[in-house]
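Chains A and B are the protein sequences, given in the same order.
Numbering of the first sequence is given in our numbering, commencing with residue -10 and proceeding in unit increments.
Numbering of the second sequence is given in our numbering, commencing with residue 2 and proceeding in unit increments.
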Amino acid sequence: MSATLKVKVWRGKTSGSFVDYEVPRLESQTVLDVVTHIQRHLDPSLSYRFACRVGMCGSCAMTVNGVARWTCRTHVSKVADGDALEIAPLSNLPVIKDLATDMREFFDKWAKSHGQFKGTKTRHDEFEQVRPESRERMAANAGIECIGCGVCYASCDVVTWRPDFLGPAALNRAWTLANDVRDNAQRERLKAVAGDVGCHACHTQGSCSERCPKQIEPTAGIAGLKRLAGRAAVRGELE
Amino acid sequence: MSSALNPDAVTQAKLWYWQRISAMVLALCVLVHLGGMIYAVRGGLSAAEILGRTHGNWLFGIFYAVFVFACAVHVPIGFARICEEWLGLKAGAAWLIAKALGLVILVMGLRAVYGVVA
Ligand code: SF4
Ligand code: SF4
Ligand code: FES
Chain A
-10 MSATLKVKVW RGKTSGSFVD YEVPRLESQT VLDVVTHIQR HLDPSLSYRF ACRVGMCGSC
50 AMTVNGVARW TCRTHVSKVA DGDALEIAPL SNLPVIKDLA TDMREFFDKW AKSHGQFKGT
110 KTRHDEFEQV RPESRERMAA NAGIECIGCG VCYASCDVVT WRPDFLGPAA LNRAWTLAND
170 VRDNAQRERL KAVAGDVGCH ACHTQGSCSE RCPKQIEPTA GIAGLKRLAG RAAVRGELE
Chain B
2 MSSALNPDAV TQAKLWYWQR ISAMVLALCV LVHLGGMIYA VRGGLSAAEI LGRTHGNWLF
62 GIFYAVFVFA CAVHVPIGFA RICEEWLGLK AGAAWLIAKA LGLVILVMGL RAVYGVVA
């Protein structure tokens, strides 16, 4: 382990360039530590985003040596190429400045995928009983821990090729709701997520599942949505 | 399939069905085809000998006709996507090319089957 890291950091907006920094290398150092060191000690004008530093909020994702990652939980020792690190903003999103991307479209697509729960019961009704071992509950469990970091979205080639594609995170959210037996907006949601900007655009290659820091498999959920949409189309429920 | 690849959920869902079914048929066909080839040439065979066996073999003809149809369904659906995503074509243009390709596969494939069987 050399004493310093050679770090290239993206500066600018969509047009810009990489700037070189030297950062002291430390034990158990995370990529977020490196970025924070640069901002606190070398260049206070560097913009980036983080909040929790423990892998819960999903705000610190960046492209590290070409791969989208959550930086607060990524150790330098795991990703450095010798003593070299290249840190860029997430792909597939407009850059606001330096390492901070504009995530509005990413979250707008959750809304477009009907990512909100729609129930009928009120506080005066009895609790709905959902058996933990039921197939639906287990399918929802598999996708429910998403922290909205955008790593999957930045890793999806189809988002690059078809900017309207709703993307893995929004579709994963729709899949968890499709498995919520209390939800009564299933038909509208399925209509919203079927089609060539929805689940049918996915190539099932699995970059999103490979990269998701929470080990969620949006690819599997999207395949599930395709099955539901196929069944609904045959029954005439997608019209 | 004319409105295919527009944001039409029903069309997309149906295309997905066709793509899956044709993929299953193709998987089976490829296995039978490879197995048949390996079996047929195990002692070395000439083109004349093969044609001698396939002539008038309608079962053989039907099998390969199914193979050709499955290709003609499967290839255009994927090809239209490639045209859209890699070549940046609009859905209409992509489908025009894809359908033309499907037709070429169908005509050339069936012609070949006919040539071997009849
Ligand atoms: S599996 Fe689908 S959603 Fe995931 S990266 Fe690939 S195309 Fe995108
Ligand atoms: S699915 Fe995984 S990678 Fe995608 S936003 Fe959620 S936590 Fe991040
Ligand atoms: S800072 Fe919250 S997930 Fe990294």
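Quick reminder that beta carbons are idealized off the backbone N, C-alpha and C, glycines included.
From Q18 (chain A) to C135 (chain A), what does the alpha carbon distance come to, in whole angstroms? 25 Å
Taking all protein chains shown into account, do 16 or more other C-beta atoms lie within 10 angstroms of the C-beta of G210 (chain A), making it buried, or fewer, making it exposed? buried
Report yes or no: do three or more beta-carbon pairs, one from the region 18 to 36 of chain A and one from the region 48 to 65 of chain A, lie closer than 8 Å? yes
Would you say K15 (chain B) lies against chain A (beta-carbon separation less than 8 Å)? yes
In this structure, does DSSP put V(-2) (chain A) in helix, strand or coil? strand
T193 (chain A) CB to nearest heavy atom of ligand 1 below 7 Å: yes
Check each residue of the region 81 to 94 of chain B: if its Cβ is closer than 9 Å to any Cβ of chain A, include it; give the result in chain order. R82, E85, E86, W87, G89 and A92
Can you give me the C-alpha to C-alpha distance between V223 (chain A) and T12 (chain B), rounded to a whole angstrom? 11 Å
Relative to the C-alpha of F61 (chain B), which residue among B:G89, B:H34, B:G44 and B:V42 is closest? B:H34
Unbroken alpha helix (DSSP H) run spanning R82 (chain B), endpoints: W59 to E86
If we define contact as Cβ-Cβ less than 8 Å, is A10 (chain B) a contact residue for chain A? yes
Cα-Cα separation between A159 (chain A) and V117 (chain B), rounded to whole angstroms: 51 Å
List, in chain order, every chain A residue whose beta-carbon is nearer than 8 Å to that of Y65 (chain B). By Cβ distance, chain A contributes nothing, its closest Cβ being about 29 Å from Y65 (chain B), past 8 Å.
Mind checking which residues open and close the alpha helix (DSSP H) that includes E11 (chain A)? Per DSSP, E11 (chain A) belongs to no alpha helix (DSSP H); it is in the beta strand (DSSP E), G5 to P13.
May I ask you to report which of helix, strand or coil DSSP gives K86 (chain A)? strand
So the beta strand (DSSP E) I136 (chain A) belongs to, where does it begin and stop? Careful: I136 (chain A) lies outside any beta strand (DSSP E) and carries neither H nor E.
Comparing the CB of P78 (chain A) with every heavy atom of ligand 2, is any distance shorter than 7 Å? no
If A181 (chain A) sits next to H103 (chain A), beta carbons under 8 Å apart, how far is it from one beta carbon to the other, in whole angstroms? 5 Å
8 Å contact criterion, which L214 (chain A) and A163 (chain A) should meet: CB distance rounded: 7 Å
Closer than 6 Å is what we want: which residues have a beta carbon that near any heavy atom of ligand 3? List them in chain order. A:F39, A:A40, A:C41, A:R42, A:G44, A:M45, A:C46, A:G47, A:S48, A:C49, A:W59 and A:C61
Nearest chain A C-beta to Y18 (chain B) closer than 8 Å, yes or no? yes
So who's on the other strand from T19 (chain A), going by DSSP bridges? A:H64
Quick one: residues in its chain with C-beta nearer than 6 Å to the C-beta of V69 (chain B), no 5 flanking neighbours on either side, listed in chain order? G110 and L111
Report the neighbours of K180 (chain A) on chain B: residues whose CB is nearer than 7 Å to its CB, in chain order. A10
Measuring only between beta-carbons, confirm whether D32 (chain A) sits less than 8 Å from chain B. no
Cβ of W150 (chain A) within 8 Å of any chain B Cβ: yes
Residues that G219 (chain A) contacts on chain B, provided the C-beta gap is smaller than 9 Å: A14, K15, W17, Y18 and R21
Just mark G36 (chain B) as buried or exposed, buried being the case when its beta carbon has 16 or more other beta carbons within 10 Å. exposed
Under the three-state reduction of DSSP, which class applies to V223 (chain A): helix, strand or coil? helix
For a contact defined as C-beta to C-beta under 8 Å, what are the partners of E228 (chain A) on chain B? V11
Below-8 Å beta-carbon distance, I211 (chain A) vs any chain B residue: no
Within chain B, partners of H103 (chain A) - CB distance below 8 Å: Simply none; closest approach about 13 Å.
Leaving out five residues before and five after F39 (chain A) in sequence, what residues of the same chain have Cβ atoms less than 7 Å from its Cβ? L21, S48, C49 and C61
Around the C-beta of E50 (chain B), are 16 or more other C-beta atoms found within 10 angstroms, so that it is buried, or is it exposed? exposed
Interface residues of chain B around K2 (chain A) at Cβ under 9 Å? In chain order: nothing, as chain B lies at least about 24 Å away.
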